[in-house]
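In my numbering, the protein residues as written are 363 to 765. C-beta atoms are modelled at their ideal positions from N, C-alpha and C, and glycine is treated no differently. Below: one structure, written as structure tokens.
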Ligand code: SF4
């Protein structure tokens, strides 16, 4: 049975290798633009973001426009199929700045006319003017940071918005014709109960949002949240409850046609984030702006995280590639397995063989058989992916395949 499968798989590999070549000729690239500003620091956040005035923000955007211009000459062979303006809080930029950034990218890079263009938004700064600006800039996807649909919990984690502001922002966005909207949720907020999760999911389904991201809260050192937990001001939900929250989220959304396609991401069919899929499927992306990360030609680097250095380097038209790292083949294989298994489609066996020159099924024959026998993974056509049980024991599955 196993051999039968391997033979039919080989045929798929040959076909896929041809189509992989065709795709590679196009050299697709995603662009991530980092906007390192927020109106206020949230209690759990350790991202690179700062509270600055409008003048400073515009100075940053001007530098960014220059970076886009001089960086683009190195990427003339690429077609940009996704643009993601993230942060920080892009919607806290003065009106007109996001339009300038996207226009500059379109002017300097070869942007596909069907490119997915996403802007991360906070509900309290997603105004009617901003939405009009996004429409003119051809933004076609909004990612809105809801985090919790409960004012007490929002306040507890230091968010500025209320649930009413979220509803208003979503309704406005829909009126302006935006359909592809994501809401970010956090699972495991201190004092959060299962009934909060049920209520917010019910509400999001009622709003017919096609994409939901639900990440477990990570307690970062040196954040206010961490200090408050250490002082005993509040407590995290138990681990058992956090697992139940995640399982409920996955099941409830699935029942309503919003299916998990990556461990923390759920979408109606056709609404999966093309940009984020690049991170999980070993595709290339270019980061622009302070502290942004890039991954191109098996090489990873970051821009500086210091504003003054950034402004100086922009004037010199030479950005330092910080933390420059060539990702060797072994690390690429590990990442391909680790990230691929986080997705519903898992690992494309043909793409794997085409990229690394060996067949994963042959190399890991015994381990794969054991994982299949234990109902932790399945193979269907060209894809090796986790079962529901496998997702629960994801680390174990990954270790079996990369050790
Ligand atoms: S809005 Fe986002 S990036 Fe800004 S402080 Fe809050 S969590 Fe951090």
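I want to check one thing, is the minimum distance from the CB of residue i to the heavy atoms of the ligand SF4 below 7 Å?
i           : result
residue 483 : no
residue 507 : yes
residue 407 : yes
residue 404 : yes
residue 693 : no
residue 449 : yes
residue 411 : yes
residue 748 : no
residue 400 : yes
Can you give me the start and stop residues for the alpha helix (DSSP H) that residue i sits inside?
i           : result
residue 499 : Careful: residue 499 lies outside any alpha helix (DSSP H) and carries neither H nor E.
residue 443 : Taken as a continuous stretch (DSSP letters only), residue 443 belongs to no alpha helix (DSSP H), being part of the beta strand (DSSP E) at 441 to 449.
residue 608 : 601 to 617
residue 763 : 756 to 764
residue 465 : 459 to 470
residue 735 : 727 to 735
residue 669 : 669 to 677
How would you write the range of the beta strand (DSSP E) that residue i sits in, first residue to last?
i           : result
residue 514 : Premise fails: residue 514 lies in the alpha helix (DSSP H), 513 to 518, not in any beta strand (DSSP E).
residue 488 : Residue 488 -> no beta strand (DSSP E), and no H or E assigned at all.
residue 685 : 684 to 688
residue 394 : 390 to 397
Look up residue i in the DSSP assignment and give the residues it is bridged to.
i           : result
residue 422 : Looking at the DSSP assignment, residue 422 forms no beta bridge with any residue, so it has no partner.
residue 745 : 710, 742
residue 478 : 444
residue 705 : 624
residue 506 : 483, 545
residue 412 : 399
residue 473 : 442
Is there a C-beta anywhere in chain C that falls below 8 Å from the one on residue i?
i           : result
residue 409 : Structure shown: chain C not included; a single protein chain is present.
Inter-stretch contact (C-beta, 8 Å, three-pair minimum) for the stretch 696 to 716 and the stretch 747 to 761: Judged by Cβ distances under 8 Å, the stretch 696 to 716 makes contact with the stretch 747 to 761, as three or more pairs qualify.
Stretch pair the stretch 388 to 400 + the stretch 451 to 459: three plus CB contacts closer than 8 Å: Touching, yes.
Every unbroken alpha helix (DSSP H) inside the stretch 619 to 665 [4 residues or more]: Listed in chain order, the complete alpha helix (DSSP H) runs (minimum 4 residues) inside the stretch 619 to 665 are 636 to 642.
Uninterrupted alpha helix (DSSP H) stretches inside the stretch 526 to 602 (no shorter than 4 residues): Taking only runs of at least 4 residues, the alpha helix (DSSP H) segments lying wholly in the stretch 526 to 602 are 556 to 568, 586 to 593.
Any 3 or more C-beta pairs closer than 8 Å across the stretch 601 to 614 and the stretch 654 to 673: With the cut-off at 8 Å, the stretch 601 to 614 and the stretch 654 to 673 do not touch.
Contact the stretch 535 to 543 vs the stretch 519 to 526: 3+ CB pairs below 8 Å: Taking 8 Å as the limit for Cβ pairs, the verdict is that the stretch 519 to 526 does not touch the stretch 535 to 543.
The stretch 422 to 438 touching the stretch 648 to 659, judged by at least three CB pairs closer than 8 Å: Result yes; three or more Cβ-Cβ pairs closer than 8 Å.
Stretch-stretch touch, CB-based, cutoff 8 Å, three pairs: the stretch 481 to 488 with the stretch 502 to 519: Between the stretch 481 to 488 and the stretch 502 to 519 there are three or more C-beta pairs closer than 8 Å, enough to call the two in contact.
Segment contact flag, the stretch 674 to 692 with the stretch 745 to 752, C-beta cutoff 8 Å, min 3 pairs: They do not touch, by the three-pair rule.
Inter-stretch contact at 8 Å, needing at least 3 Cβ pairs: the stretch 636 to 647 / the stretch 586 to 604: No, because fewer than three Cβ pairs between the stretch 636 to 647 and the stretch 586 to 604 fall closer than 8 Å, the two stretches do not touch.
At least three beta-carbon pairs within less than 8 Å, the stretch 558 to 577 to the stretch 622 to 641: Yes: at least three Cβ pairs fall under 8 Å.
At least 3 beta-carbon pairs within less than 8 Å: the stretch 461 to 473 vs the stretch 511 to 520: The stretch 461 to 473 vs the stretch 511 to 520: no contact.
Touch test, the stretch 407 to 415 against the stretch 489 to 501, Cβ-Cβ under 8 Å, three pairs minimum: Here the stretch 407 to 415 makes no contact with the stretch 489 to 501; the two share fewer than three CB pairs at distances below 8 Å.
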